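Enquirer: Residues 44 to 286 in the working numbering are what the sequence shown lists, from first letter to last. Glycine is no exception: its CB is placed at the ideal position from the N, C-alpha and C atoms. Note that the structure is predicted; figures quoted are calculated from it, not measured. Below is one structure. I have some questions about it.
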Amino acid sequence: MPQKIVAGNWKMNGTQASLSEIQAIAETTQDIHCSAILCPPAHLLHSAARLPGQLAIGGQNCHHAPSGAFTGDISAEQLADCGAFYVIVGHSERREGYSESDSLVRAKAQAALKSGLTPIICLGESQEQRAAGKALEIVLAQLSGSLPDDPQVIIAYEPIWAIGTGLVPSVAEITEVHDALRTQLYTIFGAAGQDISILYGGSVKPSNAQEIFAITHVNGALVGGASLKAEDFLPIMRSLAES
Ligand code: PEP
44 MPQKIVAGNW KMNGTQASLS EIQAIAETTQ DIHCSAILCP PAHLLHSAAR
94 LPGQLAIGGQ NCHHAPSGAF TGDISAEQLA DCGAFYVIVG HSERREGYSE
144 SDSLVRAKAQ AALKSGLTPI ICLGESQEQR AAGKALEIVL AQLSGSLPDD
194 PQVIIAYEPI WAIGTGLVPS VAEITEVHDA LRTQLYTIFG AAGQDISILY
244 GGSVKPSNAQ EIFAITHVNG ALVGGASLKA EDFLPIMRSL AES
């Protein structure tokens, strides 16, 4: 059975003062029956990982090399050294803003696994690709190109046009993509592919979480904006636990 997971992506938001917000999330997660992951910016990882509670910490990106002359980058091993257990790879903001290809995302996922981290691999089509009827084709190609050899991964389907916009695909659109992802994971990994959690991401909020979590093969969410405040993040977790 796939694990139920809510993961938060803080992106480039937050300072030391925000640790109290992370603490409020961490303290409450143990009372909610689903897994919680928070990916704060790198400078908060070490402190966030030491807060009491059941909140697992993840990075937002890693370099594919273990170490070396890569100014400004962070390796998977260094994330693990901070206390992280997860890392987001292939977020659309990196695929688009830094021209990250499927093969680079795959190399990052492999590096994460090698350092004992579980990669959260993001996939998603643009508005133009969806309008052209190519959403499924694009997302499945990204999956094949980005997956490492090992099924110890989490997948996040995040349509680019739904991220931070308040737009959410219809239930039928999410269903179609998640069903296809599940089928392809089974084809690639066999029975182990049935246990991989497939998260939906893109404008998930307390007000729409229940409807999204009722969809077959949606095993949780990757949440951006609504993960910044405990008062938004915790109700999303509760909706998943009750789904
Ligand atoms: C994200 O950045 O991964 C995301 C899903 O953002 P938001 O929830 O704000 O749309």
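Span of the beta strand (DSSP E) holding P278?
Expert: On the sequence shown, position 235 is the one that residue 278 refers to. Note, P278: premise wrong, no beta strand (DSSP E); alpha helix (DSSP H) at 273-285.
Enquirer: Leaving aside the five residues before and after D222 along the sequence, list all residues of the same chain whose C-beta is less than 8 Å from its C-beta, in chain order.
Expert: Stepping through the sequence shown from its first residue, residue 222 is reached at position 179. Excluding its 5 nearest sequence neighbours in each direction, D222 has C-beta neighbours in its own chain below 8 Å: T259, H260, listed in chain order.
Enquirer: Using only alpha-carbon positions, find the residue among E171, I197, L98, L179 that is nearest to S240.
Expert: Numbered from its first residue, the sequence shown carries residue 240 at position 197. Proximity to S240 across E171, I197, L98, L179 peaks at I197, based on C-alpha coordinates.
Enquirer: List the whole-angstrom C-beta distance separating A264 from Y243, where the pair is believed to meet the contact cut-off of C-beta under 8 Å.
Expert: Reading the sequence shown from its first residue, position 221 is the one you call residue 264. Reading the sequence shown from its first residue, position 200 is the one you call residue 243. A264 to Y243, Cβ: 6 Å. Contact.
Enquirer: At which residues does the alpha helix (DSSP H) containing G133 begin and terminate?
Expert: In the sequence shown, the residue the question calls residue 133 occupies position 90. Segment: none, G133 is in no alpha helix (DSSP H) and carries neither H nor E.
Enquirer: Check the DSSP bridge columns for C165 and list the partner residues they point to.
Expert: Here the question's residue 165 lines up with position 122 in the sequence shown. The beta-bridge partner set that DSSP reports for C165 consists of A199.
Enquirer: Once DSSP output is grouped into helix, strand and coil, what is the label at A234?
Expert: By one-based count along the sequence shown, residue 234 stands at place 191. The answer is helix: DSSP assigns A234 an H, G or I state.
Enquirer: Less than 8 Å separating the beta-carbons of P45 and D192?
Expert: Locating residue 45 in the sequence shown gives position 2, counting from the first residue. Locating residue 192 in the sequence shown gives position 149, counting from the first residue. For P45 and D192, no; Cβs fall outside 8 Å.
Enquirer: Throw me the rounded Cβ distance for the P83 and I65 pair, which I believe falls under 8 Å.
Expert: Along the sequence shown, read from residue 1 onward, the residue named residue 83 stands at position 40. Along the sequence shown, read from residue 1 onward, the residue named residue 65 stands at position 22. About 6 Å separates the two Cβ atoms, so the contact holds.
Enquirer: Which of the three DSSP states is assigned to C82 in this structure?
Expert: In the sequence shown, residue 82 corresponds to position 39, counting from 1. In this structure, C82 counts as strand in the three-state DSSP scheme.
Enquirer: For the ligand PEP, I want to know if I206 counts as a neighbour, meaning its beta carbon is within less than 7 Å of at least one of the ligand's heavy atoms.
Expert: Taking the sequence shown and counting its residues from 1, the one referred to as residue 206 is at position 163. Because some heavy atom of the ligand PEP lies under 7 Å away, the Cβ of I206 counts as near it: yes.
Enquirer: Check whether the Cβ atoms of G133 and S187 lie closer than 8 Å to each other.
Expert: For the purposes of this step, residue 133 is taken as the residue at position 90 of the sequence shown. For the purposes of this step, residue 187 is taken as the residue at position 144 of the sequence shown. For G133 and S187, no; Cβs fall outside 8 Å.
Enquirer: So, does the region 100-111 touch the region 123-143, judging by three or more C-beta pairs under 8 Å?
Expert: Yes, the region 100-111 touches the region 123-143.
Enquirer: Please state whether DSSP places G188 in a helix, a strand or coil.
Expert: For the purposes of this step, residue 188 is taken as the residue at position 145 of the sequence shown. G188: helix per DSSP, three-state reduction.
Enquirer: Please name the residue, chosen from T72, R281, L183, that lies closest to K230 on a Cα-to-Cα basis.
Expert: As a working note, residue 230 is residue 187 in the sequence shown. The amino acid at residue 230 is misidentified as Lys; the sequence shows Thr. Nearest option by C-alpha distance: L183.
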